[in-house]
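Below you'll find the structure, written out as structure tokens, and then a few comments.
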């Protein structure tokens, strides 16, 4: 498996501010993704973090709201910008470790965000 | 993108009984199907997976079956134990692409 460190583990933020979440993987990985998980809900893919190029966003998520950086093969950040209470959720970083033709996906411990 | 549906959303079984969770997917190009277990307040953990060139895979008390023609796959847990209580997610992916998750099944094993 991959060891994925994510921080902060939780934060309480004021409306209108921004929070940057960091994700560090213990070895180089090709694929990194950011997911959002609202309480009692499934994992919704926000975007694929591409190394050296702009992230690929899923429908309903935009770069201005969720800018993502991926400066190298082991690190990525997700910023939640201009936050509102609707952004309160758990944000999960994930990385794919290749095995054969596919990648096995592993998760960071998550960032629990509460917006007041 | 891929659409993954999962049933049931909640499942209660007596300890020692079997539990079955089913998922369907929409993209016939998906070729990898992992299952994750998420305990309360923790990250999802990969418990078993199956590739499209295999019909069934077993690991101790858990097994996964795949029907490519019907585009559905299932998780089977036998001899359930209280520590199996958790939320289980199925997912679908294709080589080099994103992972899409089902809506989750909350499994409760009653001692």
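Protein chains in written order, with this note's numbering: chain P, 1 to 116; chain S, 1001 to 1111. From the three backbone atoms N, C-alpha and C, an ideal C-beta is built for every residue, glycine too.
Pairwise C-alpha distance: residue j and residue i
i: residue 94 of chain P; j: residue 1042 of chain S; result: 14 angstroms
i: residue 45 of chain P; j: residue 1037 of chain S; result: 18 angstroms
i: residue 1069 of chain S; j: residue 1053 of chain S; result: 12 angstroms
i: residue 143 of chain P; j: residue 78 of chain P; result: Since the displayed chain P opens at 1 and closes at 116, residue 143 of chain P lies outside it and no answer follows.
i: residue 82 of chain P; j: residue 43 of chain P; result: 22 angstroms
i: residue 1051 of chain S; j: residue 1097 of chain S; result: 14 angstroms
i: residue 1105 of chain S; j: residue 1060 of chain S; result: 21 angstroms
i: residue 1005 of chain S; j: residue 1025 of chain S; result: 7 angstroms
i: residue 1064 of chain S; j: residue 26 of chain P; result: 29 angstroms
i: residue 71 of chain P; j: residue 98 of chain P; result: 20 angstroms
i: residue 1077 of chain S; j: residue 39 of chain P; result: 25 angstroms
Contact under 7 angstroms by Cβ, residue i with residue j
i: residue 1011 of chain S; j: residue 1107 of chain S; result: yes
i: residue 1013 of chain S; j: residue 1109 of chain S; result: yes
i: residue 106 of chain P; j: residue 4 of chain P; result: yes
i: residue 109 of chain P; j: residue 6 of chain P; result: yes
i: residue 63 of chain P; j: residue 49 of chain P; result: no
i: residue 14 of chain P; j: residue 116 of chain P; result: yes
i: residue 73 of chain P; j: residue 35 of chain P; result: no
i: residue 1044 of chain S; j: residue 1082 of chain S; result: no
i: residue 32 of chain P; j: residue 76 of chain P; result: yes
i: residue 1092 of chain S; j: residue 1033 of chain S; result: yes
Residue i: first and last residue of the uninterrupted beta strand (DSSP E) it sits in
i: residue 67 of chain P; result: Unbroken run through residue 67 of chain P: none, as it is neither H nor E.
i: residue 1003 of chain S; result: Looking at the DSSP string, residue 1003 of chain S is not in any beta strand (DSSP E), and its letter there is neither H nor E.
i: residue 6 of chain P; result: 4-7
i: residue 1012 of chain S; result: 1010-1014
i: residue 45 of chain P; result: 43-49
Own chain partners of residue i with C-beta closer than 6 angstroms, once the 5 adjacent residues on each side are dropped
i: residue 1027 of chain S; result: 1002
i: residue 112 of chain P; result: 10, 90
i: residue 52 of chain P; result: none
i: residue 87 of chain P; result: 80, 115
The ligand GDP heavy atom lying under 6 angstroms from the CB of residue i
i: residue 1049 of chain S; result: Absence of the ligand GDP from the depicted structure is noted, as is the absence of any ligand whatsoever, leaving it without description.
For residue i: DSSP bridge partner residues
i: residue 94 of chain P; result: P/33, P/107
i: residue 22 of chain P; result: P/7, P/77
i: residue 84 of chain P; result: Note: residue 84 of chain P sits in no beta bridge, so no partner.
i: residue 1056 of chain S; result: S/1065
i: residue 12 of chain P; result: P/114
Beta-carbon proximity list for residue i, same chain, < 7 angstroms, skipping 5 on both sides
i: residue 1047 of chain S; result: 1035, 1036, 1037, 1062
i: residue 1072 of chain S; result: 1022, 1023, 1024
i: residue 1017 of chain S; result: 1080
i: residue 84 of chain P; result: 15, 115
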